[in-house]
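Trainee:
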Amino acid sequence: MHVCILCYWLHTPHLLLRENPTVLLCTSIQDLKDARQGETINIFSVASGHLYERFLKIMILSVLKKTERPVKFWFIKNYLSPQFKDVIPHMALEYGFEYELITYKWPTWLHKQKEKQRIIWAYKILFLDVIFPLSLRKVIFVDADQIVRTDMGELYDMDLKGRPLAYTPFCDNNKEMDGYRFWKQGFWKDHLRGRPYHISALYVVDLAKFRQTAAGDNLRVVYETLSKDPNSLSNLDQDLPNYAQHTVPIFSLPQEWLWCESWCGNATKAQAKTIDLCNNPMTKEPKLQGAKRIVPEWVDFDAEARHFTARILGENVEEIAEAIPPSSESDAPKPDHDDSSQDAKDEL
1144 MHVCILCYWL
1154 HTPHLLLREN
1164 PTVLLCTSIQ
1174 DLKDARQGET
1184 INIFSVASGH
1194 LYERFLKIMI
1204 LSVLKKTERP
1214 VKFWFIKNYL
1224 SPQFKDVIPH
1234 MALEYGFEYE
1244 LITYKWPTWL
1254 HKQKEKQRII
1264 WAYKILFLDV
1274 IFPLSLRKVI
1284 FVDADQIVRT
1294 DMGELYDMDL
1304 KGRPLAYTPF
1314 CDNNKEMDGY
1324 RFWKQGFWKD
1334 HLRGRPYHIS
1344 ALYVVDLAKF
1354 RQTAAGDNLR
1364 VVYETLSKDP
1374 NSLSNLDQDL
1384 PNYAQHTVPI
1394 FSLPQEWLWC
1404 ESWCGNATKA
1414 QAKTIDLCNN
1424 PMTKEPKLQG
1434 AKRIVPEWVD
1444 FDAEARHFTA
1454 RILGENVEEI
1464 AEAIPPSSES
1474 DAPKPDHDDS
1484 SQDAKDEL
């Protein structure tokens, strides 16, 4: 019988883990599956390049550690590497979750982005009403570089007050960042008219309400109008829903649902339900360095994910780590040209 399905890191000495990663307190796959009861939590994410696929595995482990109900992950398949596609079925089997790779052919009538990064951003927001099956009631988007510290069932069951989307507003706590809060001045201040500007690293989509209110059509109309101007939608996946919230209303999640050191500061970190490794425009600290410093459990999750990947691929853990070039530590996930599958080329 397989063991080592979900590891309880709090009981595992960090030094012992590094010296002997097989010495872990785990529960069996069958016990884990039997323990997960209730409605499935659907979580949607996207990653491109080996660094963000590394983050994605860590995010998956953090969700599974805290969430008691069954979990199904939905991944945009267009830019996932062959290696990730090889590993994820084994990971799903061993850790007891479902997954599905999804995509949607870009409509010929809709203005298409040319940069692959902006195409990835577009897939996060433009096709929510058509990329998921009609039977799906609700889905939560979680950025690949997030760490979840709470049961996602709480967010999944939250009453969105009849609104199709729910996002967390950007924190105001860290006053050192006031000069970077562009939404509090100029165009954005006038356009929002007192509404908050939300961060797109975590959001909930009530798919039934989203389709019922034609939110997808409304977002695509706004996108079509704005996207032809190269100076618009610089952060496409974030600017679009914030700009359109007059017609596609957003439910603002409580602040603790997304904590980011750059914008929130350390005073509220203890209450954080998720931690996002968002970029700090002041320090420009590399992602991996920030992850190890900000999130204590990140190192253990990373070790577990890397050892699992190495075992499945028959490689050394050091080789898995060395596959991440330092130059790939940018804030936004960038497509890995070498890893683009034929499926991605056909779809795009």
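So the sequence shown is residues 1144 to 1491, counted in our numbering. All C-beta atoms, glycine included, are put in the ideal place defined by N, C-alpha and C.
1) Could you check if Tyr1323 is buried or exposed, using at least 16 other CB atoms within 10 Å of its CB as the buried criterion?
2) How about Asp1349 and Pro1307: do their beta carbons lie closer than 8 Å?
3) Near Phe1444, which residues of its chain fall below 7 Å by C-beta distance, leaving aside the five closest residues on each side in sequence?
4) Please classify Ser1377 as buried or exposed, where buried requires at least 16 other C-beta atoms within 10 Å of its C-beta.
5) Give me whichever residues DSSP pairs with Ser1375 in a beta bridge.
6) With a Cβ-Cβ cutoff of 8 Å, do Phe1216 and Ile1186 count as a contact?
7) Fully enclosed by the region 1298-1363, which beta strand (DSSP E) runs are 3 residues long or longer?
8) Return the residue from the list Lys1352, Gln1289, Thr1390 that minimises the CA-CA distance to Leu1277.
9) Helix, strand or coil for Glu1367 per DSSP?
10) Measuring CA to CA, which of Ile1437, Thr1183, Trp1264 is closest to Tyr1222?
11) Less than 8 Å between the CB atoms is what I'm expecting for Ser1188 and Ala1309, so what's the real figure, rounded?
12) Does Ala1413 pass the burial test, meaning 16 or more other C-beta atoms within 10 Å, or should it be called exposed?
13) Output yes or no for whether 8 Å exceeds the beta carbon distance between Ala1344 and Leu1401.
14) Residue ranges of each beta strand (DSSP E) run of no fewer than 3 residues wholly in the region 1221-1301, ordered along the chain?
15) Would you list the residues sitting across from Thr1417 in a DSSP beta bridge?
16) Under a three-way DSSP split, which group does Lys1200 fall into?
17) Per DSSP, which one or two residues make a beta bridge with Val1214?
18) Checking 8 Å against the spacing of the C-beta atoms, do Asn1316 and Gly1408 come in under that value?
19) Using the DSSP secondary-structure output, state which residues sit across from Trp1402 in a beta bridge.
20) Smallest Cα separation from Asp1360: which of Thr1390, Pro1213, Ser1405, Arg1280?
21) In its own chain, which residues sit with a C-beta less than 7 Å from the C-beta of Leu1298, not counting the 5 before and 5 after it?
22) Relative to the C-alpha of Thr1356, which candidate in Glu1440, Leu1396, Leu1271 has its C-alpha closest?
23) Taking all protein chains shown into account, decide if Glu1404 is buried (16 or more other Cβ within 10 angstroms of its Cβ) or exposed.
24) Could you check the C-alpha separation between Asp1294 and Arg1179 for me, to the nearest Å?
25) Counting only the same chain and skipping the five closest in sequence on each side, list residues whose C-beta sits under 8 Å from that of Trp1441.
26) Measuring from the CB of Leu1271, is there a heavy atom of the ligand ADP at a distance below 7 Å?
27) Tell me the rounded alpha-carbon separation between Thr1210 and Thr1246.
28) To the nearest angstrom, report how far apart Arg1354 and Glu1243 are at their CA atoms.
29) What number of angstroms, rounded off, separates the C-alpha of Lys1267 from the C-alpha of Ala1415?
30) Work out the CA separation of Ile1262 and Tyr1386 for me, nearest whole Å.
Mentor: Here's the rundown:
1) Counting from one through the sequence shown, the residue named residue 1323 turns up at place 180. Answer is exposed; the Cβ neighbour count stays below 16.
2) Mapped onto the sequence shown, residue 1349 falls at position 206. Mapped onto the sequence shown, residue 1307 falls at position 164. Yes, these two residues count as a Cβ contact at 8 Å.
3) In the sequence shown, counting from the first residue as 1, residue 1444 sits at position 301. Ile1201, Leu1204, Ser1205, listed in sequence order.
4) In the sequence shown, counting from the first residue as 1, residue 1377 sits at position 234. By the 10 Å Cβ count, Ser1377 comes out exposed.
5) Against the sequence shown, residue 1375 aligns to sequence position 232. Note: Ser1375 sits in no beta bridge, so no partner.
6) Working through the sequence shown from its first residue, we reach residue 1216 at position 73. Working through the sequence shown from its first residue, we reach residue 1186 at position 43. With contacts defined as CB atoms closer than 8 Å, Phe1216 and Ile1186 qualify as a contacting pair.
7) The DSSP assignment places complete beta strand (DSSP E) segments of no fewer than 3 residues inside the region 1298-1363 at 1308-1312, 1341-1349, in order along the chain.
8) As a first step, residue 1277 is located in the sequence shown; it is residue number 134 there, counting from the start. That would be Lys1352, whose Cα lies nearest to the Cα of Leu1277.
9) Along the sequence shown, read from residue 1 onward, the residue named residue 1367 stands at position 224. Note: Glu1367 maps to helix in three-state DSSP.
10) Here residue 1222 corresponds to residue number 79 of the sequence shown, with the count starting at 1. Looking at the Cα atoms, Trp1264 is the closest of the given residues.
11) Taking the sequence shown and counting its residues from 1, the one referred to as residue 1188 is at position 45. Taking the sequence shown and counting its residues from 1, the one referred to as residue 1309 is at position 166. A Cβ-Cβ distance of about 17 Å is found for the pair Ser1188 and Ala1309, leaving them out of contact under the 8 Å criterion.
12) The residue you call residue 1413 lines up with position 270 of the sequence shown. Burial call: exposed.
13) Against the sequence shown, residue 1344 aligns to sequence position 201. Against the sequence shown, residue 1401 aligns to sequence position 258. In this structure, Ala1344 lies near Leu1401, with their beta-carbon atoms less than 8 Å apart.
14) For the region 1221-1301, the full-length beta strand (DSSP E) segments reaching 3 residues or more read 1241-1245, 1281-1285, 1289-1291 along the chain.
15) For the purposes of this step, residue 1417 is taken as the residue at position 274 of the sequence shown. Val1291.
16) Counting from 1 along the sequence shown, the entry for residue 1200 is found at position 57. DSSP places Lys1200 within a helical segment (H, G or I) once states are collapsed to three.
17) Numbered from 1 along the sequence shown, position 71 holds the residue referred to as residue 1214. Answer is Ile1184.
18) Working through the sequence shown from its first residue, we reach residue 1316 at position 173. Working through the sequence shown from its first residue, we reach residue 1408 at position 265. Contact flag set, yes.
19) Here residue 1402 refers to the residue found at position 259 of the sequence shown. DSSP, once it has assigned bridges, lists Ile1418 as partnering Trp1402.
20) Taking the first residue of the sequence shown as position 1, residue 1360 is located at position 217. Of Thr1390, Pro1213, Ser1405, Arg1280, the residue nearest in Cα terms is Thr1390.
21) The sequence position of residue 1298 within the sequence shown is 155, counting from 1. These residues qualify, in order along the chain: Ile1283, Val1347, Trp1400.
22) In the sequence shown, the residue the question calls residue 1356 occupies position 213. The residue with the shortest Cα to Cα distance from Thr1356 is Leu1271.
23) By 1-based counting over the sequence shown, the position of residue 1404 is 261. That one is buried.
24) Working through the sequence shown from its first residue, we reach residue 1294 at position 151. Working through the sequence shown from its first residue, we reach residue 1179 at position 36. Taking the straight line from one Cα to the other gives about 12 Å.
25) Position 298 of the sequence shown holds residue 1441. For Trp1441, where only same-chain residues beyond five positions count, the Cβ hits under 8 Å are Ile1201, Ile1290, Ala1434, Lys1435.
26) Ligands in the displayed structure: none, and consequently the ligand ADP is not present.
27) If you number the sequence shown from 1, residue 1210 lands on position 67. If you number the sequence shown from 1, residue 1246 lands on position 103. Roughly 26 Å separates the two Cα atoms.
28) Here residue 1354 refers to the residue found at position 211 of the sequence shown. Here residue 1243 refers to the residue found at position 100 of the sequence shown. Rounded to the nearest angstrom, the two C-alpha atoms are 21 Å apart.
29) Mapped onto the sequence shown, residue 1267 falls at position 124. Mapped onto the sequence shown, residue 1415 falls at position 272. Distance between the alpha carbons of Lys1267 and Ala1415 is about 24 Å.
30) Translated into the one-based positions of the sequence shown, residue 1386 becomes position 243. Translated into the one-based positions of the sequence shown, residue 1262 becomes position 119. Cα to Cα, the separation comes out at about 19 Å.
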